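Comments concern the structure below.
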Amino acid sequence: MTQIVIDKKKYVLLPEKEYQALQKKAALKTKPEKTFTVEEARAHSKKLIRKWATIK
5 MTQIVIDKKK YVLLPEKEYQ ALQKKAALKT KPEKTFTVEE ARAHSKKLIR
55 KWATIK
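The following block contains the structure:
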């Protein structure tokens, strides 16, 4: 790991393998987004359409 200072900002250089390992570690910590079933998606979209229709 190497630090570089450009315009008073610090940057870090590291090997690609270490970078990919950090990315993988970070990806494992994130929670996946909830996906709707088909029925839930239809109900949700109908609800939003009704909401938007009342606004206009």
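All letters in the sequence shown, in the order written, are residues 5 to 60 by this note's numbering.
Beta carbons: idealized from backbone N, C-alpha and C, even for Gly.
The structure displayed is predicted, hence computed values, not measured ones.
Check, Outcome
"Pick helix, strand or coil for residue 26, following the three-state DSSP scheme.", "helix"
"For the beta strand (DSSP E) that residue 6 lies in, which residues bound it at each end?", "6-10"
"According to DSSP, which residues form a beta bridge with residue 55?", "The partner list for residue 55 (beta bridge, DSSP) is empty, contrary to what the question assumes."
"Taking a contact to mean a Cβ-Cβ separation below 8 Å, would you say residue 7 touches residue 14 in this structure?", "yes"
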